[in-house]
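A.B. asks: Here it is: the structure, laid out below.
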Amino acid sequence: MRMIINKKQENGGETAIEAEHVYDMLIVGGGPAGYTAALYGARAGFDTLVLEKVSPGGQMTLTRQIDNYPGIDGGIDGFLLGQQMQKGAQRFGARTRLLEVLSLELSKKVKKAVTHEGALYGKMVVYAAGAHHRELGLLEEKELAGKGVHYCASCDGMFYREKTVVVVGGGNSAVSDALLLSRICRRVILVHRRDTLRAEKIYRALLMQADNVEFCWNSTVSRFLYHDRVEGVLLRNVHTGVETAVECDGVFVSVGRTPATELVRGQLNLDSGGYIIADESTRTNIPGVFAVGDVRSKVLRQIVTAVSDGAVAVSYGEEYLAETFHLG
0 MRMIINKKQE
10 NGGETAIEAE
20 HVYDMLIVGG
30 GPAGYTAALY
40 GARAGFDTLV
50 LEKVSPGGQM
60 TLTRQIDNYP
70 GIDGGIDGFL
80 LGQQMQKGAQ
90 RFGARTRLLE
100 VLSLELSKKV
110 KKAVTHEGAL
120 YGKMVVYAAG
130 AHHRELGLLE
140 EKELAGKGVH
150 YCASCDGMFY
160 REKTVVVVGG
170 GNSAVSDALL
180 LSRICRRVIL
190 VHRRDTLRAE
200 KIYRALLMQA
210 DNVEFCWNST
220 VSRFLYHDRV
230 EGVLLRNVHT
240 GVETAVECDG
250 VFVSVGRTPA
260 TELVRGQLNL
270 DSGGYIIADE
280 STRTNIPGVF
290 AVGDVRSKVL
300 RQIVTAVSDG
310 AVAVSYGEEY
320 LAETFHLG
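Under numbering that gives the first Met the number 0, the first residue of the sequence shown is numbered 0, with each subsequent residue one higher.
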């Protein structure tokens, strides 16, 4: 539809301009949260557009085998699951444009997303840009992702049953991953650059009780040892500089995540970790803007919780559109 939007002039006044098209729902990010919102929104009859800068699926496209998504017997490749989610939303009329969003203007009644191909407008925005796993920054890291280097123990840990793995990190996520892997793997080696863990006391106590967990203190991974896939790591002592080779079947990097909140910083409220503050309704501090998936401040970041967020956002989004624009 076409809609009149007020635009400020340089002299401080306002002039009415007409947007070519105003979508009912703009979704920024085409991961599981974004495409679930697209599915529910389009199915409810809303004019829905997904903006994704790379390819459908988000972070899960980096996982070659997803075994913990309900209803899929035998597991599924993350890239394929992303494609299927896109097709499911498109079946009800949701559209996708492969565009990077350069900036967002969220405070007005009609929201604006600026891309390198121009501005797009929406009555509501579902922000589903996700969070990126922090990498170690080693040269071979991207090449070995999925070939022995992993960032999600609950996603990929089952591939290492009765094998030896290295976990890198010392915070809650690293200790949680090491605990999970200790129940699956024969041997878990936790590598941390300090001589004590940063994780909460309760997590540390549980980890210390696991008899198949070993600790490499004051150490960092300086290089992966590999042929076609990871066969070990080279550890460097941060005090002496001495390097030691350690054999392993896989490496789990657990040094935190970086939420993709650059576009909304200064507009939406963020927590101390940079995640968007939104409760289980997914509503943010700006009416008509919803935060879903890994970008939202939450306890568990998994595909199933992202999917749940997407459905919840549309439920509350319907209320917003009905009250504000008399849609629905």
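Cβ coordinates follow ideal geometry from the N, Cα and C atoms, glycine included.
As an exercise, report each continuous alpha helix (DSSP H) stretch of at least 4 residues that is fully enclosed by the segment 16-91, in chain order.
C.D. replies: Counting only runs of 4 or more, we get 31-42 and 77-89.
A.B. asks: I'd like the list of long-range same chain contacts for G11, defined as Cβ closer than 6 angstroms, with 5 residues on each side in sequence excluded.
C.D. replies: Residue numbering aside, residue 11 sits at position 12 when the sequence shown is read from its first letter. Note that G11 has pLDDT 46, beneath the 50 cutoff, so the model's placement of it is unreliable and the number below is only indicative. Closer than 6 angstroms at Cβ, skipping near neighbours: no residue.
A.B. asks: Spell out a yes or no on whether the segment 38-45 and the segment 303-317 are touching, meaning 3 or more CB-CB pairs, one atom from each, closer than 8 angstroms.
C.D. replies: Contact holds: three or more Cβ-Cβ distances are below 8 angstroms.
A.B. asks: How about G56 and G28: do their beta carbons lie closer than 8 angstroms?
C.D. replies: Here residue 56 is taken as the residue at index 57 of the sequence shown, counted from 1. Here residue 28 is taken as the residue at index 29 of the sequence shown, counted from 1. Their beta carbons are not under 8 angstroms apart, which means G56 does not touch G28 by this criterion.
A.B. asks: Just to confirm, is the Cβ distance from G287 to K162 under 8 angstroms?
C.D. replies: In the sequence shown, counting from the first residue as 1, residue 287 sits at position 288. In the sequence shown, counting from the first residue as 1, residue 162 sits at position 163. Not closer than 8 angstroms, so no.
A.B. asks: Look up S102 in the DSSP assignment and give the residues it is bridged to.
C.D. replies: Counted from its first residue, the sequence shown places residue 102 at position 103. Answer is V113.
A.B. asks: Taking 8 angstroms as the cut-off, does the segment 201-221 touch the segment 175-193 (at least 3 CB pairs, one atom from each stretch)?
C.D. replies: The segment 175-193, when compared against the segment 201-221, does touch it at the 8 angstroms Cβ threshold.
A.B. asks: Suppose only complete runs of 3+ residues qualify. What are the beta strand (DSSP E) ranges in the segment 155-216, listed by chain order?
C.D. replies: The qualifying runs are 163-167, 186-190 and 212-215.
A.B. asks: Going by beta carbon distance, what residues of the same chain come within less than 6 angstroms of A277, once the five residues before and after it are set aside?
C.D. replies: Here residue 277 refers to the residue found at position 278 of the sequence shown. These residues qualify, in order along the chain: T283, A290 and R295.
A.B. asks: Would L262 pass as a contact of S102 if the rule is Cβ separation under 8 angstroms?
C.D. replies: Here the question's residue 262 lines up with position 263 in the sequence shown. Here the question's residue 102 lines up with position 103 in the sequence shown. It is a contact, given that the beta carbons lie within the stated cut-off.
A.B. asks: Give the secondary structure of G231 by DSSP, where H, G and I count as helix, E and B as strand, and everything else as coil.
C.D. replies: The sequence position of residue 231 within the sequence shown is 232, counting from 1. G231: strand per DSSP, three-state reduction.
A.B. asks: Name the residue from V125, L138, Y159 and R182 whose alpha carbon lies nearest to the alpha carbon of S280.
C.D. replies: Within the sequence shown, the letter at position 281 stands for residue 280. It is V125.
A.B. asks: Decide if A198 is buried, meaning its Cβ has at least 16 other Cβ atoms within 10 Å, or exposed.
C.D. replies: Position 199 of the sequence shown holds residue 198. Buried, by the Cβ-count rule.
A.B. asks: Are there 16 or more other CB atoms within 10 angstroms of the CB of M368, so buried, or fewer, so exposed?
C.D. replies: A query on residue 368 cannot be resolved here, the shown segment of the chain reaching from 0 to 327 and no further.
A.B. asks: Just how far apart, CA to CA, sit K110 and F45?
C.D. replies: On the sequence shown, residue 110 is found 111 positions in, with the first residue counted as 1. On the sequence shown, residue 45 is found 46 positions in, with the first residue counted as 1. Taking the straight line joining both Cα atoms gives about 16 angstroms.
A.B. asks: Confirm, please, whether the CB-CB distance from L180 to F251 is below 8 angstroms.
C.D. replies: As a first step, residue 251 must be located in the sequence shown, where it is residue number 252. As a first step, residue 180 must be located in the sequence shown, where it is residue number 181. Yes, Cβ-Cβ distance for F251 and L180 is below 8 angstroms.
A.B. asks: Please go through the segment 255-315 and give each complete beta strand (DSSP E) segment of 3 or more residues, from N-terminal end onward.
C.D. replies: The segment 255-315 contains these whole beta strand (DSSP E) runs: 256-258 and 288-290.
A.B. asks: So the candidates are R90, M123 and L98; which of them puts its Cα closest to the Cα of S106?
C.D. replies: Translated into the one-based positions of the sequence shown, residue 106 becomes position 107. Among R90, M123 and L98, the Cα nearest to that of S106 is on M123.
A.B. asks: Is the beta carbon of A43 less than 8 angstroms from the beta carbon of A305?
C.D. replies: Here the question's residue 43 lines up with position 44 in the sequence shown. Here the question's residue 305 lines up with position 306 in the sequence shown. No.
A.B. asks: If you measure between the beta carbons of H350 and T257, is that distance less than 8 angstroms?
C.D. replies: Absent from the structure is residue 350, since the part of the chain shown begins at 0 and ends at 327.
A.B. asks: Quick one: grab the DSSP three-state call for S219.
C.D. replies: Taking the first residue of the sequence shown as 1, we reach residue 219 at position 220. It is Thr, not Ser, that sits at residue 219 in the sequence shown. T219: strand per DSSP, three-state reduction.
A.B. asks: With a threshold of 8 angstroms, are at least 3 pairs of Cβ atoms found where one atom belongs to the segment 238-248 and the other to the segment 153-171?
C.D. replies: Touching, yes.
A.B. asks: Using a threshold of 8 angstroms, state whether the C-beta atoms of C154 and T62 are closer than that.
C.D. replies: Position 155 of the sequence shown holds residue 154. Position 63 of the sequence shown holds residue 62. Their beta carbons are under 8 angstroms apart, which means C154 touches T62 by this criterion.
A.B. asks: Apply the 10 Å Cβ neighbour rule to L269 and answer buried if 16 or more other Cβ atoms are within range, or exposed otherwise.
C.D. replies: On the sequence shown, residue 269 is found 270 positions in, with the first residue counted as 1. Buried, since its Cβ has 16 or more Cβ neighbours within 10 Å.
A.B. asks: Quick check on L80: buried or exposed, where buried means 16 or more other Cβ atoms within 10 Å of its Cβ?
C.D. replies: Here the question's residue 80 lines up with position 81 in the sequence shown. L80 is buried by the Cβ-count criterion.
A.B. asks: Closer than 8 angstroms by C-beta to Q82: which residues in its own chain qualify, once you throw out the five before and the five after it? Chain order, please.
C.D. replies: For this step, residue 82 is matched to residue 83 along the sequence shown. Here the set comprises P55 and G56.
A.B. asks: For A112 versus L25, is the C-beta spacing smaller than 8 angstroms?
C.D. replies: As a first step, residue 112 is located in the sequence shown; it is residue number 113 there, counting from the start. As a first step, residue 25 is located in the sequence shown; it is residue number 26 there, counting from the start. Cβ distance < 8 angstroms, so A112 and L25 count as in contact.
A.B. asks: If the criterion is Cβ atoms closer than 8 angstroms, does the pair V174 and Y202 meet it?
C.D. replies: Numbered from its first residue, the sequence shown carries residue 174 at position 175. Numbered from its first residue, the sequence shown carries residue 202 at position 203. Yes, the Cβ-Cβ distance between V174 and Y202 is below 8 angstroms.
A.B. asks: Exposed or buried, L98, counting other C-beta atoms within 10 Å across all chains shown (16 or more means buried)?
C.D. replies: Counting from 1 along the sequence shown, the entry for residue 98 is found at position 99. Buried, by the Cβ-count rule.
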